[in-house]
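Single-structure report; data block below.
Protein chains in written order, with UniProt numbering: chain A, 1 to 617; chain B, 1 to 617.
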């Protein structure tokens with residue numbers, strides 16, 4: 001049995017490598033997995049008591065006093081937490097995790113109703129409204145996260161009985177929404193992809209059928225407007241007709257993961273087609289350079305095409321995760337490296353920025369600019385230990401724990417390497433690299449025989465070498481080597497790590513006249529902490545002809561190892577006073593040195609200003 | 001008795017001219033007053049039944065069936081509507097208005113409790129929560145609008161008994177919040193300025209004292225967080241300590257009007273000082289070129305300094321009105337023309353754009369950019385006939401009806417002209433002008449004798465003439481002429497109507513690399529409807545050296561008379577596809593002609609794209 005969160009049995013071009021079969025041994029992601037194990041997951045386990053997730057479920061099981069705590073979707077925090085520590089237990093077993101899973105499983109077994117229903121909010125607070133407020137109840141959303149937790153717990157062999165709880169709830173869903181007369185959807189998509197995962201674990205076909213039906217049910221006006229409009233929940237149009245990603249970004253992206261999952265199992269081409277159509281539109285017009293999605297705080301929404309403000313970017317951490325889920329399924333479905341390219345961009349930037357270097361603080365929102373002297377934001381744009389709506393932290397933890405499964409795929413004996421980090425992959429190769437700091441990736445073959453090794457050539461790598469010869473990607477974005485390998489054979493891939501400036505499309509109004517600095521997979525930003533005394537990040541402007549100097553740093557004040565980029569720039573001064581509109585441009589400028597740091601490492605020092613996009617001088 | 005909405009008895013440098021003493025006889029504002037009379041106010045009167053405002057108050061008086069309709073502040077719609085038609089009745093008496101006021105007065109007299117309390121939502125829906133949910137109840141907010149309606153009804157001599165209803169409610173407020181033990185504020189400031197107005201009408205000192213106390217009570221944590229944070233309601237800091245405008249823009253701006261009103265009556269300099277400090281900060285960093293305020297949909301908030309996105313501008317119509325109220329009081333308090341300058345900018349742009357040319361549709365939000373093919377906005381960015389939360393339409397109507405009172409002031413026999421439009425002012429002068437289409441303003445003296453005529457010289461008028469001699473504004477922004485006038489004497493003021501390009505301050509990220517086009521007091525925009533076939537507003541870019549050609553138009557497809565501005569420009573093309581970030585700028589351009597229309601006249605034809613800020617070629 002494969003041990004990956006996604007293990008499609010049907011139309012996949014490639015198949016995932018089991019999570020046990022990838023070992024990440026160095027680099028920023030190995031560091032993050034360690035911090036996740038030692039700091040984030042323990043913090044999350046604590047929060048499951050404090051935030052009410054476990055106590056609520058105990059109340060549903062008839063134990064414990066006091067009122068329901070938190071949001072109606074509070075159960076989902078526990079499910080994501082359980083999923084995170086289960087994947088982490090697969091990777092690096094830990095008795096504390098197993099103990100927590102035991103306890104959680106016991107609570108869930110007790111809380112579940114005899115008919116299979118399980119949702120502490122509706123059981124405790126609104127038993128008369130069960131399945132009656134689908135537009136905002138999050139009942140199926142919570143169920144979906146339970147299903148995913150159960151899949152992980154099964155792979156880890158912890159949490160006794162959780163799979164049975166999940167199956168009983170899934171069977172109940174099938175009775176109500178597939179074979180019963182109830183037509184509906186959950187206002188927050190998520191259960192669709194989860195049902196397919198549970199189908200893959202159990203082989204129970206009705207779970208897949210229900211997922212397909214829930215996708216077909218969307219956009220038919222089967223549930224009410226939650227008050228946020230029909231686009232908010234992607235219920236404005238049937239899935240096959242919708243042409244662009246809209247509304248609540250996380251909902252849209254989870255829905256897409258489900259759409260592709262159903263395609264992968266049923267072969268319904270119309271699903272893959274509509275999802276790819278929205279993907280292309282989204283990538284071209286609604287994607288931040290960090291890989292983030294969601295341009296509006298209002299409605300946590302995508303926003304219009306080319307509406308990509310850096311300061312008010314929502315770019316929710318959960319949206320980055322959901323986008324990785326979707327792109328991974330598209331990669332399996334199409335074998336096209338553009339999806340692995342976007343996963344890389346998202347992993348190293350929007351997603352990696354979500355968590356502090358010590359693993360103890362998290363961003364919900366990942367803007368590309370923070371001004372100084374913030375007033376309106378109650379948290380002054382800093383990471384926080386936890387949130388009243390804590391969807392992000394345990395979601396981050398589950399992806400970090402299962403990162404290994406996004407590194408490579410196999411197919412007919414072949415191996416595709418999608419993400420570069422040191423480690424061993426599927427018993428076939430060992431990877432040595434100092435990526436993303438350096439572009440050299442040395443692959444040593446461990447499995448002899450004739451098979452094809454495919455190496456993703458990122459679109460950003462202008463000049464790429466394999467074993468000292470120039471290497472071009474094929475139309476799918478890979479460089480393929482078919483050989484009769486001997487154990488110990490090596491291949492050296494050299495990606496182009498020359499720092500580069502990126503210009504935004506003319507239609508992106510919010511960053512007109514600006515450039516962003518990138519190197520390899522990393523987007524850079526200018527943080528106040530790295531600028532010379534008296535030089536304000538808000539005043540920086542770049543000369544695109546100035547050399548970009550690479551400066552390795554062993555430890556950036558607790559943010560860890562990094563590579564800074566320094567350049568000659570100017571500081572632009574303009575006095576404040578009167579209306580800020582004048583019939584002549586009034587700014588003057590002076591020469592300064594500007595220093596950039598990888599975006600994912602920002603906000604690990606002070607609460608100073610930050611910008612990804614810098615005006616051209 | 002003066003007949004102006006604001007008639008300060010205390011520290012005013014200047015005094016308002018009574019609303020009956022100004023007659024606007026031509027130009028866009030006379031047209032608007034006519035449309036307001038014939039279309040908007042009748043529509044509003046109808047809506048007072050349909051939207052529930054009158055029925056709710058009938059229910060409070062024990063008449064009528066059915067549940068409470070609309071928001072908890074629904075009463076305020078009626079009060080603003082009553083105020084609007086009262087001022088309009090002063091200007092142009094109308095029996096239908098008097099009849100409506102009779103009916104409204106009867107309903108109010110019946111709805112008011114014996115102790116003076118009056119609020120239909122709390123009387124009908126939550127009698128046990130009266131004065132117990134100040135953070136969001138809007139009880140004092142509604143009371144304030146009743147007080148203002150009563151002042152207007154008194155001046156109009158309609159709505160029998162409304163003044164008495166208002167006084168009884170104000171006395172009740174005094175009992176509860178001034179002499180009683182209850183300390184608090186209303187989450188939505190408004191009652192402060194209204195109490196001062198009622199004090200001016202009645203001479204009842206306790207109303208002024210209560211207004212002063214409510215201002216002192218702010219920022220002391222006397223009421224709970226409504227869930228939107230303490231900044232939202234300006235309750236985060238004492239009024240004298242707050243350094244910048246924050247939170248819900250309309251609340252902040254109404255509060256400021258009250259702060260200056262209390263200064264005008266009590267002479268408490270600390271109030272004027274703190275209000276001016278915030279005014280300077282706001283003008284320099286948080287004001288749109290249209291005069292609008294409020295940069296965020298989320299929380300309807302000001303946003304951070306220099307956060308001024310054109311597409312997501314909130315710039316609520318009510319904020320424009322509240323800003324005019326505040327600036328008018330500052331003008332009276334300081335005699336400085338910069339406040340009249342901002343009133344002019346706001347009146348002709350952010351405020352004037354709020355209403356369609358036929359007076360039957362309204363903007364709640366006044367953005368400076370509308371993209372084509374909008375998806376996320378349920379109303380596609382168009383004006384609407386009415387709103388569930390209908391604060392704006394009757395608010396617009398009351399300001400249009402009372403516009404005459406913002407035109408001029410007097411002081412010791414002198415006359416100050418602040419806004420230019422054809423008409424007669426205070427029996428002292430007659431004004432003839434084709435403003436804002438033409439810069440010539442001819443003033444004919446009607447009152448003989450020695451007195452000073454002060455003419456505001458707008459900051460935008462680069463070269464100004466008075467009677468063919470170059471004229472400079474004094475430090476307060478006025479050109480003053482003291483003479484022994486003969487009836488029939490004339491003065492000719494010539495303002496500079498050369499079209500001009502305006503550059504944003506370097507720190508305004510959202511419109512970097514763009515310019516706006518202005519002429520006289522009017523900000524222009526580029527609407528799709530005026531561009532040549534095949535030229536997309538989203539693609540326009542301007543050459544700042546190209547001549548700006550002025551093109552008078554008799555009627556712009558129902559939007560009325562206008563002056564278009566035409567210029568040679570380019571259309572910038574960049575293909576869509578893949579990520580919108582590239583290592584080289586990829587845009588190409590072709591020469592085109594671009595045509596701009598006054599911003600206030602936009603959205604009177606189709607739902608096409610619009611931009612105020614255009615990239616530099």
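Backbone N, C-alpha and C define an ideal beta-carbon position, used for all residues, glycine too.
Only a predicted model underlies this, so the values are computations on that prediction, with no experimental measurement involved.
Pick from the options: whose alpha carbon is nearest that of residue i?
i: residue 403 of chain A; options: A:410, A:419, A:392, A:412; result: A:419
i: residue 304 of chain B; options: B:296, B:156, B:587; result: B:296
i: residue 543 of chain B; options: B:603, B:614, B:554, B:132; result: B:614
i: residue 363 of chain A; options: A:381, A:375, A:376, A:460; result: A:381
i: residue 171 of chain B; options: B:140, B:312, B:155; result: B:140
i: residue 341 of chain B; options: B:407, B:217, B:368; result: B:407
i: residue 166 of chain B; options: B:185, B:447, B:189, B:195; result: B:195
Measuring only from the beta carbon, is residue i closer than 8 Å to any heavy atom that is part of the ligand GDP?
i: residue 244 of chain A; result: Here there are no bound small molecules, and the ligand GDP is not part of this structure.
Taking CB distances under 9 Å as the criterion, tell me whether residue i reaches chain A.
i: residue 602 of chain B; result: no
i: residue 299 of chain B; result: yes
i: residue 247 of chain B; result: yes
i: residue 514 of chain B; result: yes
i: residue 305 of chain B; result: yes
i: residue 511 of chain B; result: yes
i: residue 29 of chain B; result: no
i: residue 296 of chain B; result: yes
i: residue 387 of chain B; result: no
Using beta carbons (cut-off 9 Å, strictly below), is residue i in contact with chain B?
i: residue 619 of chain A; result: An answer regarding residue 619 of chain A cannot be provided, because it is not within the stretch 1 to 617 covered by chain A.
i: residue 502 of chain A; result: yes
i: residue 615 of chain A; result: yes
i: residue 508 of chain A; result: yes
i: residue 539 of chain A; result: yes
i: residue 527 of chain A; result: no
With 9 Å set as the bound, which would you pick, yes or no: does the beta-carbon of residue i sit closer than that to a beta-carbon of chain C?
i: residue 579 of chain A; result: Protein chains in the displayed structure are A and B, and chain C is not among them.
By Cβ distance, which residues of its chain are closer than 6 Å to residue i, with the 5 residues on each side in sequence left out?
i: residue 351 of chain A; result: 320
i: residue 573 of chain A; result: 588
i: residue 605 of chain A; result: 529, 557
i: residue 607 of chain A; result: 380, 382
i: residue 97 of chain B; result: 85, 89
Using 10 angstroms around the beta-carbon of residue i, count the other beta-carbons present and answer buried if the total reaches 16, otherwise exposed.
i: residue 2 of chain A; result: For residue 2 of chain A, the predicted structure reports a pLDDT of 46, less than 50, and the residue's modelled location is therefore unreliable. The matter cannot be settled from this model.
i: residue 494 of chain A; result: buried
i: residue 620 of chain B; result: Because chain B here runs from 1 to 617, residue 620 of chain B falls outside it and cannot be looked at.
i: residue 28 of chain B; result: buried
i: residue 555 of chain B; result: exposed
i: residue 274 of chain A; result: buried
i: residue 182 of chain B; result: exposed
i: residue 227 of chain A; result: exposed
Could you name the residues of the same chain whose beta carbon sits closer than 8 Å to that of residue i, not counting the 5 residues immediately before and after it, in chain order?
i: residue 462 of chain A; result: 496, 498, 500
i: residue 253 of chain A; result: 245, 293, 319, 322, 323, 325, 326
I'd like the list of long-range same chain contacts for residue i, defined as Cβ closer than 7 Å, with 5 residues on each side in sequence excluded.
i: residue 12 of chain B; result: 264, 332, 333
For the region 581 to 610 of chain A, enumerate the residues whose C-beta is nearer than 7 Å to any C-beta of chain B, in chain order.
581, 582, 583, 584, 585, 587
In chain order, what residues of the region 550 to 576 of chain A put their CB closer than 7 Å to some CB of chain B?
572, 574, 576
Taking a cut of 9 Å between CB atoms, which residues from the region 361 to 377 of chain B lie near chain A?
369, 371, 373, 374, 375, 376, 377
Compile a chain-ordered list of the residues in the region 218 to 243 of chain B whose CB is closer than 7 Å to at least one CB of chain A.
229, 231
So if I threshold CB-CB distances at 8 Å, which residues from the region 265 to 294 of chain B count as touching chain A?
280, 283, 284, 285, 287, 289
Members of the region 405 to 422 of chain B that neighbour chain A once the beta carbon cut-off is set at 8 Å:
none
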